[in-house]
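What follows is one structure encoded as structure tokens, with my remarks underneath.
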């Protein structure tokens, strides 16, 4: 079958009323659950997983996928308006999104992130349609040595992601790594730092940590500080959503770079939208002419991560569908939905089930267009959320965070962790320690350990493996350049012209 | 909070379930929702099998189930929860080789006794492990591999889905019986492992048959042997480990439904009958067999004696392999 035949087949499948309905149901639920802080995509999909028994395989997958990328669309809303990210993948968006809200530009931020999400999603789908085979074969060349080098690059590039004191940023990265070490050592099974608590045997739950640090801490910090929210009623009008010409001009390149970064990380099993969003933000900050604008409402700081996480959402289907290798727990769930219908997910899926594969891919277009249509009119409604008095809004936010965290593992212990990290997050904030580097260390640290040790096992203890493998060597060279560049501007006296500061 | 979630799941079930005729296996049982604990995350092998069986029972008997995923600590948290619940037949769950037979020997602080703290209800199915390698590998069969490892101890790297998994211990059992030294590279599940096998980064990988079957079928990896006593009907060309001179070699990832200790005998019987009736269904059998499982079923007593045997067997394997945790 030719490419055109496949597209027609896919469109026919995706546009059947039955599949269209489930696509709509998926993206609608996804974007709604994404807006609600704490209820992450995994929890949402787990809850709706039983429904897939009643649907046929294509519709089931279309719906689950719709929830997956729909959540990322919606996840930026609370991050921008309330400084409470909908999911860890949106945490970084709050760094510049929330300041925009405080400047009365929340509507603009929401509109622009919707556009960024659509743009990133589209890039991801095009790659998935045209190059799934090629990309998946290059993803196979990534083994543990490459992953380690890539994580190292990520940590170095993003070490000062929040700006401010470098020392404080580094301390927070280390703290994050330390929290990441808790749990079973995957190489020996030995439990580390779990105080004999069985619930910590698998480590600290990412959702609990992120929601505590960002969500609960923000709620605590707002207590008593915020009087009646000073929302200018005009700022919720439709006209207030209109971006300035400057906004649009500044958004193009971050969107393109963000989509590229997101597409790359999406295709690698094990990484995903959260890391993609962090990296995209770090790259914008580093390549910016005026990095000091970041953290104060720079539109680049929301466009790059939001296009990155949506691109990653779409390209993470490449290894899943083309190789049968699920890159994340959520992708494993999607393959599980196929297995329930007796379809073996694997490399032959594309050829054996063309209507399912192309129907799903074309449904991504429909879903993304639906999300665009769905989200823009809703912006006015979301911005009005700010006019809800805090004594009503924040208890509701807390409740949703608790429900969301609980439902990931049906674990009451995780709810306690949220409270704990909320207090910690508030304390750190009070002393000016940024939370974003801690989340970064928490996500990257354990992955670095896993891949470093596996690379050592595979190379039988030869450190040269990191340089002998060409991809790994290239990535390490980049890392070295960034480090040297940073050191140079640190050691050499600053000129008055725009020498890039260490940030 | 618990109530909220229950209510949400309950509502979801109500909405999604079509109404089926009540064939009435017992008059007054269950008289409420049956909470079915899956000690693993949704979408995994155990979860899918549990949901398929539960769905079939629901269809046949009209009972209402609330499937609850309680992952963590290799399934120990969920099963501990089952062992602590009220023994009225309304709280049951799916255990399997690792949390019912392996972990008790492997972990010092396991919060239940696999034989004393559970009422066995019925065995469900079993899956062999398969040893795979990359298509261009120098090992054409398991014999080559064993020879190579003998000639140069420690030259063969084998990947597994994790430390202390049935796959890991199966390979250690083989190494012990063959007098070999193989080097272990644990992964966290199949995703990166299969990519490393395809790329020849790791020499061989051992995992459950359902997890590797699609890749074997696609020809991206090659199966060397299966750990069941007989060849799998899905891979009739792949020999058993036993056929390479290891008489009686058999390891499997089996799954069984259990409840807390002390469920009244007549309820055990009712539940056992319902599980067996579901497992007799052709459509369910077809789905499970297509992925590489062998249906077990049988009486509750069968399962009890099987469990006791398995606990003993794995205690020996764990001891012989020298693997231990804490």
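Residue numbers (our numbering), protein chains in the order written: chain A, 73 to 575; chain B, 12 to 337.
The C-beta atom is built at its ideal place from N, Cα and C for all residues, glycine as well.
For clarity, every value in this text was computed on a predicted model and none was experimentally measured.
Starting from the beta carbon of residue i, find every residue of chain A whose beta carbon is closer than 9 angstroms, and list them in chain order.
i: residue 46 of chain B; result: Neighbours of residue 46 of chain B on chain A: none; closest Cβ ~11 angstroms, over 9 angstroms.
i: residue 199 of chain B; result: 258, 342, 522
i: residue 120 of chain B; result: 263, 268, 270
i: residue 87 of chain B; result: 270, 273
What residues from chain A crowd round residue i, counting only those whose CB sits closer than 7 angstroms?
i: residue 207 of chain B; result: 215
i: residue 174 of chain B; result: 258, 259, 260, 261
i: residue 296 of chain B; result: In chain order: nothing, as chain A lies at least about 11 angstroms away.
i: residue 231 of chain B; result: 419
i: residue 66 of chain B; result: 125
Using 8 angstroms for Cβ pairs, my map puts residue i next to residue j. What's the rounded Cβ distance?
i: residue 126 of chain B; j: residue 319 of chain B; result: 6 angstroms
i: residue 416 of chain A; j: residue 225 of chain B; result: 4 angstroms
i: residue 285 of chain A; j: residue 511 of chain A; result: 7 angstroms
i: residue 146 of chain A; j: residue 173 of chain A; result: That pair is no contact at about 16 angstroms.
i: residue 506 of chain A; j: residue 252 of chain A; result: Actually they do not touch by this definition, with Cβ atoms about 17 angstroms apart.
i: residue 375 of chain A; j: residue 414 of chain A; result: Actually they do not touch by this definition, with Cβ atoms about 43 angstroms apart.
i: residue 144 of chain A; j: residue 161 of chain A; result: 6 angstroms
i: residue 223 of chain A; j: residue 513 of chain A; result: With a Cβ gap of about 11 angstroms, residue 223 of chain A and residue 513 of chain A do not count as contacting.
i: residue 554 of chain A; j: residue 229 of chain A; result: 6 angstroms
i: residue 109 of chain A; j: residue 347 of chain A; result: That belief does not hold up - the Cβ atoms of residue 109 of chain A and residue 347 of chain A are roughly 20 angstroms apart, past 8 angstroms.
i: residue 199 of chain A; j: residue 547 of chain A; result: So it is not a contact: roughly 21 angstroms between Cβ atoms.
i: residue 283 of chain A; j: residue 517 of chain A; result: Their Cβ separation, rounded to whole angstroms, is 19 angstroms, which puts residue 283 of chain A and residue 517 of chain A out of contact at 8 angstroms.
i: residue 197 of chain B; j: residue 231 of chain B; result: No, residue 197 of chain B and residue 231 of chain B are not in contact; Cβ-Cβ is about 22 angstroms, not under 8 angstroms.
i: residue 290 of chain B; j: residue 306 of chain B; result: 5 angstroms
i: residue 434 of chain A; j: residue 83 of chain A; result: 5 angstroms
Taking 6 angstroms as the line, does the beta carbon of residue i fall inside it for any heavy atom of the ligand ATP?
i: residue 63 of chain B; result: Absent from the structure shown: the ligand ATP. Ligands present: none.
Find the residues of chain A that neighbour residue i, judging by a C-beta separation of less than 8 angstroms, and give them in chain order.
i: residue 339 of chain B; result: Chain B is shown only over 12 to 337; residue 339 of chain B falls outside these bounds and no answer can be derived.
i: residue 43 of chain B; result: Correct list: empty, because the minimum Cβ distance to chain A is about 19 angstroms.
Would you say residue i and residue j are within 7 angstroms of each other, going by their C-beta atoms?
i: residue 357 of chain A; j: residue 366 of chain A; result: yes
i: residue 142 of chain A; j: residue 99 of chain A; result: yes
i: residue 177 of chain B; j: residue 130 of chain B; result: no
i: residue 144 of chain B; j: residue 201 of chain B; result: no
i: residue 301 of chain B; j: residue 220 of chain B; result: no
i: residue 266 of chain B; j: residue 136 of chain B; result: yes
i: residue 197 of chain A; j: residue 386 of chain A; result: yes
i: residue 315 of chain A; j: residue 180 of chain A; result: yes
i: residue 89 of chain B; j: residue 41 of chain B; result: no
i: residue 261 of chain B; j: residue 240 of chain B; result: yes
i: residue 576 of chain A; j: residue 478 of chain A; result: The requested residue 576 of chain A does not occur in the structure, where chain A is confined to residues 73 to 575.
i: residue 269 of chain B; j: residue 251 of chain B; result: no
i: residue 335 of chain A; j: residue 544 of chain A; result: no
i: residue 229 of chain B; j: residue 398 of chain A; result: no
i: residue 319 of chain A; j: residue 371 of chain A; result: yes
i: residue 121 of chain B; j: residue 87 of chain B; result: yes
i: residue 152 of chain A; j: residue 94 of chain A; result: no
Using a C-beta to C-beta distance shorter than 8 angstroms, which residues of chain B count as neighbours of residue i?
i: residue 482 of chain A; result: 16, 79, 80, 81
i: residue 77 of chain A; result: Chain B residues near residue 77 of chain A: none, gap ~23 angstroms exceeds 8 angstroms.
i: residue 416 of chain A; result: 224, 225, 228, 301, 302
i: residue 584 of chain A; result: Residue numbering for chain A in the displayed model covers 73 to 575; residue 584 of chain A lies beyond these limits and cannot be assessed.
i: residue 274 of chain A; result: 82, 83, 84
i: residue 408 of chain A; result: 53, 54, 55, 58, 59
Just the chain B side, please: which residues come within less than 7 angstroms of residue i by C-beta, in chain order?
i: residue 411 of chain A; result: 59, 302
i: residue 526 of chain A; result: 196
i: residue 138 of chain A; result: By Cβ distance, chain B contributes nothing, its closest Cβ being about 17 angstroms from residue 138 of chain A, past 7 angstroms.
Interface residues of chain B around residue i at Cβ under 9 angstroms?
i: residue 202 of chain A; result: Within 9 angstroms Cβ-Cβ: nothing; residue 202 of chain A doesn't reach chain B, min ~22 angstroms.
i: residue 97 of chain A; result: Going along chain B, no residue has its Cβ under 9 angstroms from residue 97 of chain A, so there is no contact; the nearest lies around 12 angstroms.
Residues in the stretch 384–404 of chain A having any Cβ partner in chain B nearer than 7 angstroms
396, 397, 398, 399, 401, 404
With 7 angstroms as the C-beta to C-beta threshold (strictly closer), list the residues of the stretch 203–227 of chain B near chain A in chain order.
203, 205, 206, 207, 209, 210, 212, 213, 224, 225, 226
Could you name each continuous alpha helix (DSSP H) segment of 4 residues or more that falls completely within the stretch 215–269 of chain A, going from the start of the chain to the end?
216–229, 238–253
Members of the stretch 533–546 of chain A that neighbour chain B once the beta carbon cut-off is set at 7 angstroms:
none
Please list the segments of the beta strand (DSSP E) lying wholly inside the stretch 191–225 of chain B, counting only runs of 3 or more residues, in order along the chain.
194–197, 215–219
Taking Cβ-Cβ distances below 9 angstroms as the criterion, which residues of the stretch 106–118 of chain A are in contact with chain B?
114, 117, 118
At a CB distance below 8 angstroms, what residues from the stretch 295–316 of chain B approach chain A? Give them in sequence order.
297, 298, 301, 302
At what residue ranges does the stretch 286–374 of chain A contain a whole run of the alpha helix (DSSP H), taking only runs of 4 or more?
Complete alpha helix (DSSP H) runs here, min 4: 289–294, 317–339, 345–359.
List in chain order: all unbroken alpha helix (DSSP H) runs of 4+ residues lying wholly within the stretch 375–421 of chain A.
401–412
Secondary structure, alpha helix (DSSP H): runs of 4+ residues fully inside the stretch 53–108 of chain B:
56–72, 87–95
Along the stretch 148–174 of chain B, what residues have a CB closer than 8 angstroms to any CB found in chain A?
168, 173, 174
Determine which residues of the stretch 94–116 of chain B have a Cβ less than 8 angstroms from any Cβ of chain A, and write them out in chain order.
none
At 3 residues or longer, what runs of the beta strand (DSSP E) sit wholly inside the stretch 134–171 of chain B?
168–171
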